[in-house]
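K.L.:
In our numbering, the protein residues as written are 1 to 76. Ideal Cβ positions, reconstructed from N, Cα and C, are used throughout, including at glycine. Keep in mind that this is a model prediction, so the values were computed, not measured. Would you mind keeping the following structure in view while I ask a few things?
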């Protein structure tokens with residue numbers, strides 16, 4: 001992926017990929033996502049099948065390139 005033409009002030013495409021690819025795992029209601037730690041903090045989120053499919057397709061290209069969550073903001 002790349003910009004059609006350079007855009008002043010925009011992050012590199014890789015930065016957007018890192019951010020976006022990190023959101024699906026974090027929003028998933030399982031032990032790796034918000035799961036039990038998010039109980040009474042975040043409402044259940046159902047990831048639409050088309051979004052999950054797109055995520056898996058991008059993951060096949062970009063691997064596990066996701067932004068690490070900042071532990072300072074983790075639920076206790």
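Considering only residues of the same chain and omitting the five flanking positions on each side of residue 33, which have a CB-CB separation below 7 Å?
P.N.:
The residue given as residue 33 occupies position 33 in the chain shown. Hits under 7 Å: 25, 26, 27.
K.L.:
Pick from 53, 52, 48, 29: whose alpha carbon is nearest that of residue 42?
P.N.:
The residue you call residue 42 lines up with position 42 of the chain shown. Of 53, 52, 48, 29, the residue nearest in Cα terms is 29.
K.L.:
For residue 1 versus residue 13, is the C-beta distance shorter than 7 Å?
P.N.:
Translated into the one-based positions of the chain shown, residue 1 becomes position 1. Translated into the one-based positions of the chain shown, residue 13 becomes position 13. Yes, these two residues count as a Cβ contact at 7 Å.
K.L.:
What does the alpha-carbon distance come out to for the pair residue 50 and residue 60?
P.N.:
The residue labelled residue 50 in the question sits at position 50 within the chain shown. The residue labelled residue 60 in the question sits at position 60 within the chain shown. Between residue 50 and residue 60, the C-alpha separation is close to 15 Å.
K.L.:
Measure the C-alpha to C-alpha separation of residue 16 and residue 48 and round it to an integer number of angstroms.
P.N.:
To locate residue 16, count along the chain shown from 1; it is residue 16. To locate residue 48, count along the chain shown from 1; it is residue 48. When rounded, the distance between both Cα atoms is 21 Å.
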